[in-house]
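Trainee:
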Amino acid sequence: MTETRPHRDTSPPGTDDAERPTLLAFLNYLREAVITKARGLADPQARTPGVPSGTSLLGLVKHLTAAERYWFVRSFEGADIAPVDFGMQLTDEDGAEELIAAYREAVARSNAIVEACDDLSRPCARAAGAAGKVRSLRWVLVHMIEETARHAGHADILREQADGAVGR
Numbered sequence: 340m341t342e343t344r345p346h347r348d349t350s351p352p353g354t355d356d357a358e359r360p361t362l363l364a365f366l367n368y369l370r371e372a373v374i375t376k377a378r379g380l381a382d383p384q385a386r387t388p389g390v391p392s393g394t395s396l397l398g399l400v401k402h403l404t405a406a407e408r409y410w411f412v413r414s415f416e417g418a419d420i421a422p423v424d425f426g427m428q429l430t431d432e433d434g435a436e437e438l439i440a441a442y443r444e445a446v447a448r449s450n451a452i453v454e455a456c457d458d459l460s461r462p463c464a465r466a467a468g469a470a471g472k473v474r475s476l477r478w479v480l481v482h483m484i485e486e487t488a489r490h491a492g493h494a495d496i497l498r499e500q501a502d503g504a505v506g507r
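Written out as C-alpha cells, the structure reads:
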C-alpha cells in the first residue's frame with residue numbers, strides 16, 4: 340500500500356452573484372481538480388489503469404476533453420468537427436503534457452462559447468446525447484459539472500492509488 344500524502348486543499352468557489360459566473364466557477368474548479376490529479380506523475384503511473392474497467396488518470400483527461408468538444412463545440416455551437424471518441428483508451432502518443440494541454444485548450448474554447456452566449460436557455464444547435472434531444476446551454480453546463488465532478492472523484496481515487504496523494 341502506498342503511503343498517503345496530502346495535497347493542498349482548495350475551497351469551492353465563493354461566487355454566487357449570477358447564474359453563469361457561478362456555474363462556470365464551479366465547472367472550472369472541477370476541471371482544475373482533474374488536472375491537478377493528473378499532473379506530477381510519471382507517464383507510466385498516470386497511464387496505468389487503477390480499476391478493472393481500464394480507467395486511468397490520463398484516460399479520464401482524454402475522455403473529458405472529448406466531452407468538452409462534444410457538448411460545447413459540436414452540440415451547442417454546432418461546429419462541424421470530427422466525430423468525438425469518448426473512450427479512455429490511450430495511444431503511445433498520449434503523454435500527460437499533451438493531454439493536459441489539449442484539455443486546457445478545449446476548456447478555453449468551451450468557456451469562450453459560454454461567455455459569448457447572453458442567454459443560458461438558448462438551445463443547442465444540434466440534438467445530442469443518448470436521448471437525442473436539443474438541450475439548452477444551461478443544461479449543458481449543469482451536465483458538464485456533473486460529468487466532471489464524477490470523474491474528479493475517480494481521479495482522486497486513482498491518484499491516491501498511484502502515489503498516495505490525497506486532497507484537492
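Be aware that the sequence shown starts at 340, since it is given in my numbering, and climbs by one per residue. From the three backbone atoms N, C-alpha and C, an ideal C-beta is built for every residue, glycine too. Since the model is a prediction, treat every value here as computed from it, not as a measurement.
#1: Can the beta-carbon of A377 be found closer than 8 Å to that of L396?
#2: Quick check on the burial criterion: 16 or more other C-beta atoms within 10 angstroms. Buried or exposed for S350?
#3: Apart from the five residues just before and just after S475, which ones in its own chain have a Cβ nearer than 6 Å to its Cβ?
#4: Consult DSSP for A470 and reduce its assignment to one of helix, strand or coil.
#5: Smallest Cα separation from A440: which of K401, F411, E358?
#6: On the CB-based measure, 16 or more other CB atoms within 10 Å of its CB, does R489 come out buried or exposed?
#7: Pick out whichever of A470, R443, A501 has its Cα sitting closest to the Cα of T387.
#8: Counting Cβ pairs closer than 8 Å, one from the stretch 479 to 498 and one from the stretch 424 to 435, do we hit at least three?
#9: When we look at the beta-carbon of F411 and count the other beta-carbons within 10 Å, is it buried (16 or more) or exposed?
#10: Who are the Cβ neighbours of E358 in its own chain at under 7 Å, not counting the five residues just before and after it?
#11: Smallest Cα separation from V373: which of A466, Y442, Y409?
#12: Express the C-alpha separation of A455 and A494 in angstroms, rounding to a whole number.
#13: At the level of alpha carbons, what is the spacing between R477 and R408?
#14: Can you tell me which of R413, S449, V505 puts its alpha carbon nearest to the alpha carbon of A464?
#15: Between A385, R370, A467, which has its C-alpha nearest Q428's C-alpha?
#16: Starting from W478 and walking both ways along the alpha helix (DSSP H), at which residues does that stretch end?
#17: Distance check for R448 and P422, CA to CA, integer angstroms please.
Mentor: Based on what the coordinates show:
#1: Yes.
#2: Exposed is the call here.
#3: Excluding residues within five positions, the ones whose Cβ falls inside 6 Å are S460, P462.
#4: Per DSSP, reduced to three states, the secondary structure at A470 is coil, with no helix or strand assignment.
#5: Taking only the C-alpha atoms, the option nearest A440 is K401.
#6: By the neighbour-count criterion, in which 16 or more other beta carbons inside 10 Å mark a residue as buried, R489 falls on the exposed side.
#7: Shortest Cα-Cα distance from T387 to any of A470, R443, A501 involves A501.
#8: A contact between stretches requires three or more CB pairs, one per stretch, nearer than 8 Å, and the stretch 479 to 498 fails this requirement with the stretch 424 to 435.
#9: The residue is buried, with at least 16 neighbouring Cβ atoms inside 10 Å.
#10: Around E358: L459.
#11: The shortest C-alpha to C-alpha distance from V373 to any of A466, Y442, Y409 is the one to Y442.
#12: A494 and A455 have their C-alpha atoms roughly 30 Å apart.
#13: Rounded to whole angstroms, R477 to R408 spans 16 Å at the Cα level.
#14: It is R413.
#15: The option with the nearest alpha carbon to Q428 is A385.
#16: Start and end: 476 to 502.
#17: Straight-line spacing of the CA atoms in P422 and R448 works out to 17 Å.
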